[in-house]
Structures are given as C-alpha cells and as structure tokens.
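See below for the structure under consideration.
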Amino acid sequence: MTAALETIALEKRFGGLVATDKVSLTLEQGARHALIGPNGAGKTTFVNLLTGVLPANGGKILLGGQDVTGKNQIQRARLGMGRTFQINQLFGDMTPVESLGLAVSERMGGGADFWRRIGTRSDIMAEITGLIQRFRLTEVMDHPTRLLPYGKQRLLEIALALASKPRVLLLDEPAAGVPEAERGELLETLAELPRDVSILLIEHDMDLVFAFAERITVLVNGALFASGSVAEIMADPRVQAVYLGSSEHA
Amino acid sequence: MTYTTLSPAGSAAPPETERRASRDLMRRVRWKPAEIVFWLVAAASFFLLPDRHLLLSEIVILGLFALSLDLIIGYAGVVSLGHGAFFGLGAYAAGLTSIHLTGEPLTGLAIGGLAAGLLGLLTGPLLLLRASDLTRLMVTLGIAMLLLEAANRAAWLTGGADGLQGVMIDPLFGRFEFDLFGTTAYAYCLVVTFVTFLIARRVVSSPYGLSLRAIRDNALRARSMGIPVGPRILGIYAFSALIAGLAGALLTQTTMFVSLDVLAFHRSADVLLVLVLGGVGYLYGGLVGALVFKLLQDWFSAITPEYWMFWMGLVLLVVVLIGRDRIDAAPRALLRRIRGEGRA
Numbered sequence: 001m002t003a004a005l006e007t008i009a010l011e012k013r014f015g016g017l018v019a020t021d022k023v024s025l026t027l028e029q030g031a032r033h034a035l036i037g038p039n040g041a042g043k044t045t046f047v048n049l050l051t052g053v054l055p056a057n058g059g060k061i062l063l064g065g066q067d068v069t070g071k072n073q074i075q076r077a078r079l080g081m082g083r084t085f086q087i088n089q090l091f092g093d094m095t096p097v098e099s100l101g102l103a104v105s106e107r108m109g110g111g112a113d114f115w116r117r118i119g120t121r122s123d124i125m126a127e128i129t130g131l132i133q134r135f136r137l138t139e140v141m142d143h144p145t146r147l148l149p150y151g152k153q154r155l156l157e158i159a160l161a162l163a164s165k166p167r168v169l170l171l172d173e174p175a176a177g178v179p180e181a182e183r184g185e186l187l188e189t190l191a192e193l194p195r196d197v198s199i200l201l202i203e204h205d206m207d208l209v210f211a212f213a214e215r216i217t218v219l220v221n222g223a224l225f226a227s228g229s230v231a232e233i234m235a236d237p238r239v240q241a242v243y244l245g246s247s248e249h250a
Numbered sequence: 251m252t253y254t255t256l257s258p259a260g261s262a263a264p265p266e267t268e269r270r271a272s273r274d275l276m277r278r279v280r281w282k283p284a285e286i287v288f289w290l291v292a293a294a295s296f297f298l299l300p301d302r303h304l305l306l307s308e309i310v311i312l313g314l315f316a317l318s319l320d321l322i323i324g325y326a327g328v329v330s331l332g333h334g335a336f337f338g339l340g341a342y343a344a345g346l347t348s349i350h351l352t353g354e355p356l357t358g359l360a361i362g363g364l365a366a367g368l369l370g371l372l373t374g375p376l377l378l379l380r381a382s383d384l385t386r387l388m389v390t391l392g393i394a395m396l397l398l399e400a401a402n403r404a405a406w407l408t409g410g411a412d413g414l415q416g417v418m419i420d421p422l423f424g425r426f427e428f429d430l431f432g433t434t435a436y437a438y439c440l441v442v443t444f445v446t447f448l449i450a451r452r453v454v455s456s457p458y459g460l461s462l463r464a465i466r467d468n469a470l471r472a473r474s475m476g477i478p479v480g481p482r483i484l485g486i487y488a489f490s491a492l493i494a495g496l497a498g499a500l501l502t503q504t505t506m507f508v509s510l511d512v513l514a515f516h517r518s519a520d521v522l523l524v525l526v527l528g529g530v531g532y533l534y535g536g537l538v539g540a541l542v543f544k545l546l547q548d549w550f551s552a553i554t555p556e557y558w559m560f561w562m563g564l565v566l567l568v569v570v571l572i573g574r575d576r577i578d579a580a581p582r583a584l585l586r587r588i589r590g591e592g593r594a
C-alpha cells in the first residue's frame, strides 16, 4: 500500500541557513505520527513545505503516491492535504455553521455556485450538523467565531480542516494555549478523529504526543534525528540527551 | 474513500440542532422587514415627489454605482480608487451604441454593462498579482487614468473634451418617451437598480458569496481549504464592473450626453465617499450613502455655495472617526434610553 504522505530528501534553505536538511519521512495510511523537536528544529518550516506555503529547494513530496512538489497550496489542499494552524486561522465574522458549511460545500464542488441559496442542500446540512456534534460545538454553532471561547475556537480549527475530508491531516500544535479546563474536551476529540485520515501531529507537549501518537519522528536542526515507535523513541538515549531528558540533566 | 464515521447516517443530529443550523445559514438570505420598507419607500418616492425625479435619478444612479463598489470592497475586501473607469466605459459604450447602432435603451444598457464587465475581467488579474491594498489602489487608479487619457485622445470616437454629441434614446419599450422632467428616467433607473440589486443580493447570499466573505476574512485559511482565491475574486470584480457599467449607461441614457467627466477621478473618489457614508458590506450602504451624499451636497451648497466641500469633508471625517458601528447603534441606544426614562 502506498504511503499517505512521503517526503524524499526534502530541503529548504534560507540564504546560508538550512531549515530543512534532506528530510525523508513516511506517513503510513491511517497513521498517528508525531513530529517533535526542540525550538527552532524546523517543524513549522516542514509543515509549510508540505502544504505549499513555501517552495522547496530540493527533494520531493508525494501525496498518496502522487508527486505534488510542483503544486501550489490550493491544488494540494484539493488533493487532500489538510492542516490546522498553530495560531487560529478562522473566519471571525462567520459562525461555525457557516464556516463548516463553506468547507463542506467547497469539497462537494458547490463553492462556485452563485445562484443557489445557502442552507438548501440537505446532504450538506446533515454533514454540518454531524461535524458540529462531533466537535462539541452545538452550543456555540450560531455565534460569531471571534466571540467563541478559545478552546471552542481550537475545536473549530480542527473541525474546519476535517470538513474538507483530507487524506492527510497536519495538526500544528492543536493544544497550544488551550486552558486546562478546556483541554480534556480537545484531547477526547483528537482521540476520536476518524481512522481513515492519516495524521501528522506537530507538537511540543509531550503528554499529548504520548497519548496520541503511535510513531514519533524527532527533528533536530532541520535534520531527521530519530524515528520509531513511541517505545523506541522513549528508550533512545540520544533522543533523551538532546530533547526529552534535557531538563533531567540540568 | 469511506468516511464511515463522518457519514450523516452515523451521526443523526437531533432535529433541534438541524433547525438551528439551518436558521443560522438562512439568516442572511431571508428578507428583513426593514428591507421591504426600504424598497416600498423607494417606490413611493416616484409618486410622492414628482417634481424631484431628476435629482432622484441622479441619486439612484450614484447608488447603483456605489452598490457595485460595495460588492468588491465589502464582500471581497478588494479596495479600488478607479471604479470610475467602469462607470465611464459603460457611459461611453451606451452613448456610442445609441449613435452608431440603435437608440433602444435596453440594448444600450446591456452593451454598457457588458463592455465594463469585460474590462473588469481583463484588468482584474492585475489586482491578483500582488494582493496588497496599496498596490490595488494604485493599479485601479492607474487604469482609470489610462482610460481617461485614451478617451481624451480618441476624439474621433468619443468627441474628446467636447463630449459625445448626438446621443438620442428611443422611448422605453417604444412607448415611454424620456421626458424633460425625468419621470420615465426615474422609473427606468429605479427598476434597473432594483432588478440589479435582487441579482446582487442573490449572489452574495450564495455559497459563492460565502466563499468571498471567507477570503476577505482570512485568505490564508481559504487557500488552505482549497478555495481558488484568484478566480473567485476575479468573478466578483467583473460582476462589480458590469454593474458600474450599467450605472454609467443609465447616466448617459437619462441625460443624453457623455463627457470626459464620467471618467474623471472625482467619480471614483465620490463613490468611495458615498460607500463610506452608507457603510460597507450590506448592499444597502451604497444606496443609503448616495441619498445622504446628494442631500448633504444639496443642503451644503444651498447654505454655502463656495464651501460645501469643506462641510462634506467634515462630515466624512466625523463618520470615519466615530465609526460606523457606533453610529448604527445610536438610534437603538437612544430609543432604549427614551423607553427606560418613560418607565422610570
């Protein structure tokens, strides 16, 4: 079976700085894969390369076996590359229902329809309400997004990505900044994400990584440092030295 | 690929959830009582102010022009300082149609609109190259200047600085003569504006309209959702240009004259001012703004014929500095205070 997402010697340089140093990573179908690394390891650059925000200087990106290296952000999204953002990127003036309705109708190819009234397709409505419930947004579904509590905005951030039914979902620090009281809800939702979407989790928070991921890749200074199952990575003394155990040594 | 867990059947939402969701989506589609009142008042003005039809026609044309600008500023977040280019092109196209082709008004109107829409379609891609507001202001301003100079130079076609002479418009439907008092003209402008408004309203409350608002709100996210940002903006830009062209054509047909003035910079500036006075992003802003603008202009120039621009500038400053939302909230707050005191 072809991997959901694969990078081959992916490279990005900013002048003399090598931000992504020939990274080859394979995301299996249905994976729960975490990408970790100390600050400045190049995690965000890597996400930007995958989604097409930044062009790569070398290497290849295969999405479901198809070479998407030369495709732009919009084309990659249409081919099934979904992402969430570390800092919420939502539609502040729209309600969750509208935002999700937009994502669903875009996916179904009805986004350019300028004559149909919104809210008149029952298949789209059913999917919106399904997402609203799954992401625990029922109470706030018709409030303007910018007025939502932060935890709910975070949930909407993920719901919006999932509404496009991506094949690959890149979660960029989904729990960042979520207050303790709203955290449980978010973690439960993450655990319930459908198994047919392959997920790459970019995260700082090791508790979340261990709870969610089955495989872990460690990035240090832009290069692949270690990759393996959660147990292997936890047991790897090199990883502990550079990353996990750095505080214990102090 | 199967998303079993996401399928509608797997997550039967309670009917209450479904109802709330659909009510939320329909909220922008449904007609509000104030809207119906607005159009009834507009229709009534035709019968109640028979000696003001000329001024009212001017207001409606300016309102339609401002409505077209609202579509790109208010709904797609694209600013323009050269929307007059489309207005002027529509005006010239309608004038030339009447001279060289036919005096039938609806044909001239359609040609005026289509010519401007085509120009919008051709120049729109320039706005997408660099999506900063400043670039867009300069690109639109530049196009308007080019067009003005071109019309000035092409005197053999446009009459140059003398204006286009000999515009004759046939009676509407072969029956209603365009009279000196502007009665036919006002009815014509009002109906064209109303029909255009209905189409624009339908477009902005469609899934396409929703995607435009999303792009305005957050283009980064829209792109990451796979929304083709460029073509969507281009579509509304051409549509907006078409409507501006219709407004220009109406001006030509109701005044039976076209001069370089239709392409002058002040057209683009005035329409922006009108839209700011009326408020962006709800389609009525242009129409309300045009009414306020023309009434203020009338009033100020009656009080101080030389300094009316000063007072206009002052009003503009006050509106912008106080902020639209606070002005909009004022009548309600006042009403609440009156009621509150009445009870006390």
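Each protein sequence line maps, in turn, to chains A and B.
The first sequence begins at 1 in the working numbering and counts up one residue at a time.
The second sequence begins at 251 in the working numbering and counts up one residue at a time.
Backbone N, C-alpha and C define an ideal beta-carbon position, used for all residues, glycine too.
Between which residues of its own chain and Asp511/B is the CB-CB distance below 7 Å, once the five residues before and five after are set aside?
Taking the second sequence and counting its residues from 1, one reaches residue 511/B at position 261. Hits under 7 Å: none found.
What's the C-alpha gap between Ser490/B and Leu35/A?
The count along the second sequence starts at 1 and reaches residue 490/B at position 240. The count along the first sequence starts at 1 and reaches residue 35/A at position 35. The straight-line gap from Cα to Cα measures roughly 46 Å.
Where DSSP assigns a beta bridge to Glu6/A, which residues make up the other side?
Here residue 6/A refers to the residue found at position 6 when the first sequence is read from its first residue. Glu6/A pairs with Thr26/A, Leu62/A.
Secondary structure at Ile216/A, three-state DSSP: helix, strand or coil?
Along the first sequence, one-based indexing puts residue 216/A at 216. Three-state result, Ile216/A: strand.
Which of the three DSSP states is assigned to Val168/A in this structure?
Here residue 168/A refers to the residue found at position 168 of the first sequence. Strand at Val168/A.
Which bits of chain B does Arg27/A rub up against, with CB to CB less than 7 Å?
For this step, residue 27/A is matched to residue 27 along the first sequence. Here residue 27/A turns out to be Leu, not Arg, going by the sequence shown. Neighbours of Leu27/A on chain B: none; closest Cβ ~16 Å, over 7 Å.
Using only the alpha-carbon positions, how far apart do Leu499/B and Leu314/B sit?
Within the second sequence, residue 499/B is the residue found at index 249, counting from 1. Within the second sequence, residue 314/B is the residue found at index 64, counting from 1. Before going further, note that residue 499/B is Ala rather than Leu in the sequence given. Each residue's alpha carbon lies about 11 Å from the other.
Quick check on Asp263/A - is its C-beta less than 8 Å from some C-beta in chain B?
The structure shown has nothing for residue 263/A, since chain A only spans 1 to 250.
For Leu564/B, does the three-state DSSP call read helix, strand or coil?
Looking up residue 564/B in the second sequence gives position 314. Three-state DSSP puts Leu564/B in a helix.
Rounded C-beta distance between Ile233/A and Val242/A? I'm assuming under 8 Å.
The residue given as residue 233/A occupies position 233 in the first sequence. The residue given as residue 242/A occupies position 242 in the first sequence. Actually they do not touch by this definition, with Cβ atoms about 12 Å apart.
Check distances from the C-beta atoms of the region 118 to 143 of chain A to those of chain B and list, in chain order, the residues that come in under 8 Å.
From the region 118 to 143 of chain A, only Ile118, Gly119, Asp123, Met125, Ala126, Glu127, Ile128, Thr129, Gly130, Leu131, Ile132, Gln133, Arg134, Thr138, Met141, Asp142 have a Cβ closer than 8 Å to chain B.
What did DSSP end up calling Asp274/B once you bin it into helix, strand or coil?
Along the second sequence, read from residue 1 onward, the residue named residue 274/B stands at position 24. Note: Asp274/B maps to helix in three-state DSSP.
What residue from Val168/A, Gly15/A, Gly111/A has the CA that sits closest to Thr51/A's CA?
Position 51 of the first sequence, counted from the start, is the residue given in the question as residue 51/A. Among Val168/A, Gly15/A, Gly111/A, the Cα nearest to that of Thr51/A is on Val168/A.
Spatial neighbours of Gly65/A within its chain, please: C-beta separation below 6 Å, excluding the five flanking residues on both sides.
Position 65 of the first sequence holds residue 65/A. Closer than 6 Å at the Cβ level, and outside the excluded window around Gly65/A, lie Thr2.
Give, in chain order, every residue of the region 453 to 464 of chain B whose Cβ lies closer than 8 Å to some Cβ of chain A.
Result list: Val453, Ser455, Ser456, Pro457, Tyr458, Gly459, Leu460, Ser461, Arg463, Ala464.
To be precise: take each residue of the region 569 to 584 of chain B, compare its Cβ to all Cβ atoms of chain A, and keep it if any distance is under 9 Å. Which residues remain?
Taking 9 Å as the Cβ-Cβ cut-off against chain A, none of the residues of the region 569 to 584 of chain B qualify.
The beta strand (DSSP E) spanning Ala226/A covers which residue range?
Taking the first sequence and counting its residues from 1, one reaches residue 226/A at position 226. Per DSSP, Ala226/A belongs to the beta strand (DSSP E) from 223 to 229.
Helix, strand or coil for Glu203/A? Go by DSSP, reduced to three states.
Residue mapping note: residue 203/A aligns to position 203 of the first sequence, counting from 1. In this structure, Glu203/A counts as coil in the three-state DSSP scheme.
Kindly indicate which three-state DSSP category Ala381/B falls into: helix, strand or coil?
Working through the second sequence from its first residue, we reach residue 381/B at position 131. Note: Ala381/B maps to coil in three-state DSSP.
Return helix, strand or coil for Met141/A, following the three-state DSSP convention.
Indexing the first sequence from 1 puts residue 141/A at position 141. In this structure, Met141/A counts as coil in the three-state DSSP scheme.
Would you report the Cα separation of Ile311/B and Gly345/B, rounded to the nearest angstrom?
By one-based count along the second sequence, residue 311/B stands at place 61. By one-based count along the second sequence, residue 345/B stands at place 95. Their Cα atoms are separated by approximately 16 Å.
What is the residue span of the beta strand (DSSP E) that Gly82/A lies within?
Taking the first residue of the first sequence as 1, we reach residue 82/A at position 82. Looking at the DSSP string, the run of the beta strand (DSSP E) that includes Gly82/A is 81 to 83.
Taking the alpha carbon of Phe297/B as the point to measure from, which residue in Gly529/B, Thr433/B, Val508/B has its own alpha carbon closest?
As a working note, residue 297/B is residue 47 in the second sequence. The shortest Cα separation from Phe297/B among Gly529/B, Thr433/B, Val508/B belongs to Thr433/B.
For a contact meaning CB atoms closer than 8 Å, what does Thr645/B contact in chain A?
Here chain B has residues from 251 to 594 only, and residue 645/B is not among them.
When the Cα atoms are used, what is the spatial distance from Arg380/B to Pro421/B?
For the purposes of this step, residue 380/B is taken as residue 130 along the second sequence, with counting starting at 1. For the purposes of this step, residue 421/B is taken as residue 171 along the second sequence, with counting starting at 1. Near 46 Å, if we compare the C-alpha coordinates of Pro421/B and Arg380/B.
For Ser490/B, would you say it is in contact with chain A, using Cβ-to-Cβ distances shorter than 8 Å as the test?
If you number the second sequence from 1, residue 490/B lands on position 240. No, because no Cβ of chain A sits closer than 8 Å to the Cβ of Ser490/B.
Could you tell me if Phe135/A is buried or exposed, where buried requires 16 or more neighbouring beta carbons within 10 angstroms of its beta carbon?
Along the first sequence, read from residue 1 onward, the residue named residue 135/A stands at position 135. So Phe135/A ends up on the buried side.
State the Cα-Cα distance for the pair Leu160/A and Arg425/B, rounded to the nearest angstrom.
One-based indexing of the first sequence puts residue 160/A at position 160. One-based indexing of the second sequence puts residue 425/B at position 175. Those two C-alpha atoms are separated by around 56 Å.
What ranges does the alpha helix (DSSP H) occupy inside the region 312 to 398 of chain B, keeping only unbroken runs of at least 4 residues that lie completely in it?
334 to 350, 355 to 379, all fully within the region 312 to 398 of chain B.
Residues in its own chain within less than 8 Å of Thr252/B by CB, not counting five upstream and five downstream?
Here residue 252/B refers to the residue found at position 2 when the second sequence is read from its first residue. Confidence is the limiting factor: at Thr252/B the pLDDT is only 42, short of 50, which leaves the residue's position unreliable, though a coordinate-based value still follows. Excluding positions up to five away in sequence, the list is empty.
Would you tell me roughly how many angstroms separate the C-alpha atoms of Gly260/B and Gly485/B, rounded to the nearest one?
Numbered from its first residue, the second sequence carries residue 260/B at position 10. Numbered from its first residue, the second sequence carries residue 485/B at position 235. Bear in mind that a pLDDT of 44 at Gly260/B, under 50, signals an unreliable position, so the number given afterwards is only what the model happens to contain. Near 38 Å, if we compare the C-alpha coordinates of Gly485/B and Gly260/B.
For a quick check, are the C-beta atoms of Pro457/B and Ile118/A less than 8 Å apart?
Start at 1 with the first residue of the second sequence, and residue 457/B comes out as number 207. Start at 1 with the first residue of the first sequence, and residue 118/A comes out as number 118. Contact: yes.
Should Ile477/B be flagged as near chain A, meaning a C-beta pair shorter than 8 Å?
In the second sequence, residue 477/B corresponds to position 227, counting from 1. Closer than 8 Å to some Cβ of chain A, the Cβ of Ile477/B qualifies, so yes.
If you count every other CB in all the chains shown that lies within 10 Å of the CB of Met252/A, and 16 or more means buried, which is it?
Because chain A in this structure spans residues 1 to 250, residue 252/A falls outside the shown range and cannot be described.
In chain A, what lies closer than 8 Å to Asn468/B by C-beta?
Counting from one through the second sequence, the residue named residue 468/B turns up at place 218. Correct list: Gln89, Leu90, Phe91, Gly92.
Taking Cβ positions only, does Val97/A come closer than 8 Å to chain B?
Translated into the one-based positions of the first sequence, residue 97/A becomes position 97. Yes, because at least one Cβ of chain B sits closer than 8 Å to the Cβ of Val97/A.
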